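K.L.:
The numbering of the sequence shown is my numbering, which starts it at 16 and goes up by one.
The beta-carbon is built from N, C-alpha and C at its ideal position, and this holds for glycine as well.
Every value quoted in this text rests on a predicted model; they were computed, and no experiment measured them.
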Amino acid sequence: MSVLDNYTGFMVGQYENFPQSRYLTLVVLRKAESEMIFRTEGSGEGLARDAVHAGIQDLQSISRVTISKRKQTAVERRTGRELLRQHNLLFYAENKGKREERDDNICALNRNKPCGICADCMIYGYAVGGGGAQKSRVITDDAFSILPYQTVTAKRTFNALYDNNTMRDPVTGKPSSSIQEDEYVKPETLFIDMQTLKDLGANEIRYVIANVLRSRRYGAISSRLGKMRNTLVGAIFSDCELFSNLELTQRVYDLLGEAGRQFPLDETNVKTEITAAVEELASEVIGTQKPIPEEELTKLIEEIRQTFTSSTDVKVLLDAITALYPRG
Numbered sequence: 016m017s018v019l020d021n022y023t024g025f026m027v028g029q030y031e032n033f034p035q036s037r038y039l040t041l042v043v044l045r046k047a048e049s050e051m052i053f054r055t056e057g058s059g060e061g062l063a064r065d066a067v068h069a070g071i072q073d074l075q076s077i078s079r080v081t082i083s084k085r086k087q088t089a090v091e092r093r094t095g096r097e098l099l100r101q102h103n104l105l106f107y108a109e110n111k112g113k114r115e116e117r118d119d120n121i122c123a124l125n126r127n128k129p130c131g132i133c134a135d136c137m138i139y140g141y142a143v144g145g146g147g148a149q150k151s152r153v154i155t156d157d158a159f160s161i162l163p164y165q166t167v168t169a170k171r172t173f174n175a176l177y178d179n180n181t182m183r184d185p186v187t188g189k190p191s192s193s194i195q196e197d198e199y200v201k202p203e204t205l206f207i208d209m210q211t212l213k214d215l216g217a218n219e220i221r222y223v224i225a226n227v228l229r230s231r232r233y234g235a236i237s238s239r240l241g242k243m244r245n246t247l248v249g250a251i252f253s254d255c256e257l258f259s260n261l262e263l264t265q266r267v268y269d270l271l272g273e274a275g276r277q278f279p280l281d282e283t284n285v286k287t288e289i290t291a292a293v294e295e296l297a298s299e300v301i302g303t304q305k306p307i308p309e310e311e312l313t314k315l316i317e318e319i320r321q322t323f324t325s326s327t328d329v330k331v332l333l334d335a336i337t338a339l340y341p342r343g
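(1) Please state whether DSSP places aspartate 157 in a helix, a strand or coil.
(2) Can you look up glycine 112 in the DSSP assignment and give me helix, strand or coil?
(3) Can you look up tyrosine 139 in the DSSP assignment and give me helix, strand or coil?
(4) Would you decide whether alanine 169 is buried or exposed? Buried here means 16 or more other CB atoms lie within 10 Å of its CB.
(5) Which whole-angstrom value is the C-beta distance of alanine 134 and leucine 99, which I expect to be below 8 Å?
(6) Comparing C-alpha positions only, which one of Leu312, Leu215, Ala291, Val331 sits nearest to leucine 247?
(7) Do serine 49 and leucine 240 have their C-beta atoms closer together than 8 Å?
(8) Tell whether a beta-carbon distance below 8 Å holds between leucine 270 and alanine 291.
(9) Where DSSP assigns a beta bridge to phenylalanine 252, which residues make up the other side?
(10) Less than 8 Å separating the beta-carbons of tyrosine 222 and isoleucine 336?
(11) Measuring CB to CB, does phenylalanine 206 end up less than 8 Å from phenylalanine 25?
(12) Nearest-angstrom Cα distance between glycine 404 and aspartate 281?
(13) Would you kindly work out how many angstroms separate the C-alpha atoms of glutamate 219 and tyrosine 233, rounded to a whole number?
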């Protein structure tokens, strides 16, 4: 028996076009395990940050490093799409009413060629001009660093050497001007994030959680930087959306107190305060809520881990999800 069998009233049995008011909020602690760069776009840009109140009680203004919602879900949906591609569950995009099976017509991100019937399209959403759309059922928001920008960032100067391992061109003898400076997020910086899954079934929930836990690289220059570990700290079923990422981050900041805000933060202590902050903020929400207890959440994660150790079990899971969606 799966843990999710205890919560069938908060999940859909099959895909519906109409909203069903069934929510599952995942509380995720994201930990930088290498230098990381989160910026809007382009090389040399500064890190993305926002000026906000430090806490709900502590109203001093501070800047926090921000991981934009798209930079989170884009990584995680690509993780899922790799599996779908591996098991031939990405389909061909529509073209004038026909699904033409050409390599350049396969479902792909950012190419205006969604198939509209795969798990990725139907869970994370898609839009194509004149060809329909599916609103994402994974609702996200920007994630904020717990500690201030000045505490969790630094700068590093880098250069581009020639073949002779110097900054001087071995052919022309001219010195290189390729010296740049990047801001980066320090390793062991912690971010708090919440993802709200709306009107998903049990297998779809397993798929999304697996994508979060299996994704390991975020931000710019991810082939050399950007290692991150995601930990699922809590999960709450409800009939409405709960509080925001920012509220939760601010309340955790308050609860840590001055003594608990030394960098790097104690991860165990932060998890404890996240749990306390979630309980406190949840008491102010107007709606029905059903948190998954810690022991059941641990069991659910282990169920998902066991599924993903077998390619056969993964295929069964993905096939079951794909069968939920109507096909033209």
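P.N.:
On the basis of the supplied data:
(1) coil
(2) Unreliable positioning characterises glycine 112 in this predicted model, as indicated by a pLDDT of 49, which lies under 50. The coordinate reading is nonetheless provided below. Glycine 112: coil per DSSP, three-state reduction.
(3) Helix at tyrosine 139.
(4) exposed
(5) 6 Å
(6) Leu312
(7) A contact, by the Cβ cut-off of 8 Å.
(8) yes
(9) Leu39, Lys305
(10) Yes, these two residues count as a Cβ contact at 8 Å.
(11) no
(12) What the structure shows of the chain is the stretch from 16 to 343, and residue 404 is not part of that stretch, so it cannot be assessed.
(13) 23 Å
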